[in-house]
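Here is the structure we will look at, set down as structure tokens.
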């Protein structure tokens, strides 16, 4: 059964969506604010997220960014904000589709079907193992032998990019752009420094890493 997470602080809309989606065979979880949504996403690992932007505790774009830290599930924004700039910002943050309130339930269900057809049932998980270390990208928590390992914000960003691309070579340029910004093309010493820090914290033998690998002159690779 395809799992859908509905995030909306309007009880009537959340209830209507839950009833209609359940009637069409979806397994539905609801959340009324951003923090609840991120916790629910980590717990149920949805195949699709239907998300309102105007949440009481945070903007919906922050929820999108939090989900995109580990999940590839389609995100369908359902919002009363009709301005083009709002739509562009949500899509740039990682949303896949945008429906403006008030909406036609038939059209919304058609968009849900289209999004889930393209993606299929998801297998994303916020938790990744690096040997004896577990990394929970949703909770932003690392544990080694049961003890918490603290990472700096930059270490988190670098690790997140690598973990979201398991087995793939991520170039030095891409890492520099995504972690430090587009003006950092040549500061490869940053990468060497932070990768060394991550290995000391996460690898069993930092001098002989088996998960956080360097491809000399090209980039870095996470080997599960």
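Residue numbers (the UniProt record's numbering): 1 to 224.
Built from N, CA and C at the ideal position, the CB exists for glycine as well.
Following the DSSP letters along the chain, one finds residue 154 inside the alpha helix (DSSP H) bounded by residues 153 to 163. In the same chain as residue 74, and ignoring 5 residues on each side of it, the C-beta atoms closer than 6 angstroms to its own belong to 48, 96, 115 and 119, in chain order.
Within the same chain, 34 come within 7 angstroms of residue 62 by CB-CB distance, once the 5 residues on both sides are set aside. Counting only runs that start and end inside the stretch 85 to 142, the alpha helix (DSSP H) elements of at least 4 residues fall at 105 to 119. Between the alpha carbons of residue 162 and residue 45 lies a gap of roughly 20 angstroms. The Cβ atoms of residue 43 and residue 37 lie no closer than 8 angstroms to each other. Counted as a single uninterrupted DSSP element, the alpha helix (DSSP H) harbouring residue 44 occupies residues 34 to 44.
Leaving aside the five residues that flank residue 109 on each side, the residues in its chain whose CB is nearer than 8 angstroms to its CB run, in chain order, 20, 21 and 24. Per DSSP, the unbroken alpha helix (DSSP H) holding residue 16 starts and ends at 11 to 23. Counting of Cβ neighbours within 10 angstroms places residue 148 among the exposed residues, the total staying below 16. Between residue 134 and residue 127, the alpha-carbon positions lie close to 7 angstroms from each other. Residue nearest to residue 190 within the set 206, 204, 173 and 201 is 173 (criterion: CA-CA distance). By the criterion of a C-beta distance shorter than 6 angstroms, residue 27 is surrounded in its chain by 1 and 3, once the five residues flanking it on both sides are discounted.
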